[in-house]
Amino acid sequence: MPVPLVTEKTVKPKQVLSIDIKKIDIVLDIFQKYNVPMKSVLSDLWVFYHNLEIIEDRLRQATEAGCPNPKPWICHAALPIFER
24 MPVPLVTEKT VKPKQVLSID IKKIDIVLDI FQKYNVPMKS VLSDLWVFYH NLEIIEDRLR
84 QATEAGCPNP KPWICHAALP IFER
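In this note's numbering, the protein residues as written are 24 to 107.
Have a look at this one:
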């Protein structure tokens, strides 16, 4: 991923800069485990604010349901939307 693109996406929502780097690493590891496209993560940085257990549980459910490359938004979508 090009550094200028990552920098642009993380500097604009300044709150993202306050997230613990350990949490970012954990979330990225979870995303890699479930084949979440890294480019789509840049479009949804708010996912880093959500509960790690819910993130992993939803990605696991999506994968088990046959979604080979889930998007980050499913990690924080309202439950009725996620369940569709």
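Just so you know, even glycine gets a beta-carbon here, dropped at the ideal spot from N, CA and C.
Residue i in three-state terms, based on DSSP
i   : result
E57 : The sequence shown places Tyr at residue 57, not Glu. In the structure shown, Y57 sits in coil (DSSP, three-state: anything other than H, G, I, E or B).
S41 : helix
K62 : helix
D52 : helix
K94 : coil
Cβ neighbour criterion (16 or more within 10 Å) applied to residue i
i    : result
A85  : buried
I78  : buried
L102 : exposed
R107 : exposed
Residue interval of the alpha helix (DSSP H) (run including residue i)
i    : result
R83  : 75 to 87
I104 : 102 to 106
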